[in-house]
Amino acid sequence: MEQNLQKLFKNATYSPEGRLSGDIWNAIEYKNAQITKWKRFGYLGASVLSLFGSAFSIKSLIAEFSRLGFYDYLSLAFSDSGVIATYWKEYTLSLVDSLPIASLAVLFFLLFVLFISIRRASYQFKNRLLIS
Amino acid sequence: MENDDEYLIKEYLDGNQNSFKLLVEKYTPSIYNFSIRFVGGDYVNDIVQDVFIKVWKNIKKFDNKKSGFKTWIFTITRNTITDYLRKKKMVLFSSLDEDEVSFGDNIKDEIILPDEALIKLQDKELLNKLLDDLHANYREVLILYYQEEMTFSEIGKLIDKPLNTVKSYHRRALIKLRELVKKDEF
Numbered sequence: 485m486e487q488n489l490q491k492l493f494k495n496a497t498y499s500p501e502g503r504l505s506g507d508i509w510n511a512i513e514y515k516n517a518q519i520t521k522w523k524r525f526g527y528l529g530a531s532v533l534s535l536f537g538s539a540f541s542i543k544s545l546i547a548e549f550s551r552l553g554f555y556d557y558l559s560l561a562f563s564d565s566g567v568i569a570t571y572w573k574e575y576t577l578s579l580v581d582s583l584p585i586a587s588l589a590v591l592f593f594l595l596f597v598l599f600i601s602i603r604r605a606s607y608q609f610k611n612r613l614l615i616s
Numbered sequence: 004m005e006n007d008d009e010y011l012i013k014e015y016l017d018g019n020q021n022s023f024k025l026l027v028e029k030y031t032p033s034i035y036n037f038s039i040r041f042v043g044g045d046y047v048n049d050i051v052q053d054v055f056i057k058v059w060k061n062i063k064k065f066d067n068k069k070s071g072f073k074t075w076i077f078t079i080t081r082n083t084i085t086d087y088l089r090k091k092k093m094v095l096f097s098s099l100d101e102d103e104v105s106f107g108d109n110i111k112d113e114i115i116l117p118d119e120a121l122i123k124l125q126d127k128e129l130l131n132k133l134l135d136d137l138h139a140n141y142r143e144v145l146i147l148y149y150q151e152e153m154t155f156s157e158i159g160k161l162i163d164k165p166l167n168t169v170k171s172y173h174r175r176a177l178i179k180l181r182e183l184v185k186k187d188e189f
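Chains Y and U supply the protein sequences, listed in that same order. The first sequence lines up with residues 485 to 616 when you count with the working numbering. The second sequence lines up with residues 4 to 189 when you count with the working numbering.
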């Protein structure tokens, strides 16, 4: 009975119009193109913003280094190495203390975003070139 | 078959766009045939398109350890149909009374649908009309079992019911079908 029923049911299937799967594929390709376009502009925007952000961050980082006396501590290492050999612990702590940690963290974060967004944007553009 | 699907998915995820196109071509007839029986002909193309867009968007989430691709795509289809009908304020896959479901479990297969009934059901228009008259849960079990050749276990996963309930739905569906064939004679 089971095989007979299978035959009967298979005989009673509804079939779609021939172009349906083609239409579906076109709809998917259209959506894909839309998403890719937005992604491309998104990554490009993120690249530009992070590039400007990094430049600004480097500028303020240089100012921070001067303000906190990092250069003074650093020059001491070249001018009087004997003092540093004696007080190396205090010297290291002072050097670390003079680092603008927050500004450095912001710069690394912006450089990371810049790197990732350039990589993604170039991948999107490369795909577009390959498709066209 | 399932291995073919998994291979196509892997190929697609590796960057071969044509593999997904092959999946669309392969499953469009089945999804169309299943959907039209619950939503009718007017919106079926939109539903089928919606199903494939959902599959395309979620293909990375497909886990072959949980279920086969066919079960997965039919689950998405069933959910899409339910959402569509909910918007239309219609309830389709409501739960059946379990007592009612277990009725007929002792009847032999040959008696459920005798040869005369099978002969009558060779008329495909009659079969489709009678299927339309069945409760949606019974209809879907019969379609998935006989047209899609899914196992009871796969159907159970799809409709989220235990194996015995699916078997009971199947048996009860055949009994209802016999009743409808008899009714149609008069």
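Quick reminder that beta carbons are idealized off the backbone N, C-alpha and C, glycines included.
If you draw a straight line from the alpha carbon of Asp17 of chain U to that of Ile76 of chain U, how long is it in whole angstroms? Distance from the CA of Asp17 of chain U to the CA of Ile76 of chain U, rounded to the nearest whole angstrom, comes to 20 Å.
With DSSP run on the structure shown, which of helix, strand or coil describes Glu513 of chain Y? helix
Counting contacts by CB-CB distance shorter than 8 Å, is Ser578 of chain Y in contact with chain U? no
Shorter than 8 Å from the beta carbon of Phe41 of chain U to some beta carbon of chain Y? For Phe41 of chain U, the nearest beta carbon of chain Y is not closer than 8 Å to its own beta carbon.
For Tyr149 of chain U, report the span of its alpha helix (DSSP H) as first-last. Counting along the chain, Tyr149 of chain U falls outside any alpha helix (DSSP H), and DSSP gives it neither H nor E.
Considering only the beta carbon of each residue, do Thr80 of chain U and Val54 of chain U sit closer than 8 Å? The Cβ atoms of Thr80 of chain U and Val54 of chain U sit closer than 8 Å to each other.
With hydrogens ignored, establish whether the beta-carbon of Pro32 of chain U is closer than 7 Å to any heavy atom of the ligand ZN. In the structure shown, the ligand ZN is absent, as is every other ligand, since no ligand is present at all.
So, helix, strand or coil for Thr31 of chain U, using DSSP? helix
Ser70 of chain U (DSSP reduced to helix, strand or coil): coil
Among the residues of its own chain, which have a CB less than 6 Å from the CB of Tyr527 of chain Y, if the five just before and after it don't count? Ser601, Arg604, Ala605
Specify, as a first and last residue, the run of the alpha helix (DSSP H) that Ser49 of chain U falls within. The amino acid at residue 49 of chain U is misidentified as Ser; the sequence shows Asp. 47-61 is the extent of the alpha helix (DSSP H) around Asp49 of chain U.
With 16 other Cβ atoms within 10 Å as the buried cut-off, status of Gln150 of chain U: Within a 10 Å sphere around the beta-carbon of Gln150 of chain U sit 16 or more other beta-carbons, which makes this residue buried.
Could you tell me which chain U residues have their CB closer than 8 Å to the CB of Lys494 of chain Y, listed as they occur along the chain? Tyr149, Gln150
What did DSSP end up calling Leu583 of chain Y once you bin it into helix, strand or coil? coil
Using 8 Å as the limit for Cβ to Cβ distance, is Asn67 of chain U near chain Y? no
Between the beta-carbon of Asn48 of chain U and the beta-carbon of Leu504 of chain Y, is there less than 8 Å? yes
Could you check the C-alpha separation between Tyr620 of chain Y and Lys543 of chain Y for me, to the nearest Å? In this structure chain Y extends from 485 to 616, so residue 620 of chain Y is not present and cannot be described.
Mind listing the chain U neighbours of Pro500 of chain Y? Cutoff is C-beta to C-beta under 9 Å, in chain order. Thr31, Pro32, Ile34, Tyr35, Asn36, Ile39, Val47, Asn48, Val51
Test: Phe599 of chain Y CB closer than 8 Å to a CB of chain U: no
Cα separation between Pro584 of chain Y and Thr570 of chain Y? 26 Å
Given a cut-off of 8 Å, decide if Gly537 of chain Y and Leu594 of chain Y are closer than it, judged by their beta-carbon atoms. yes
If you draw a straight line from the alpha carbon of Pro32 of chain U to that of Pro500 of chain Y, how long is it in whole angstroms? 6 Å
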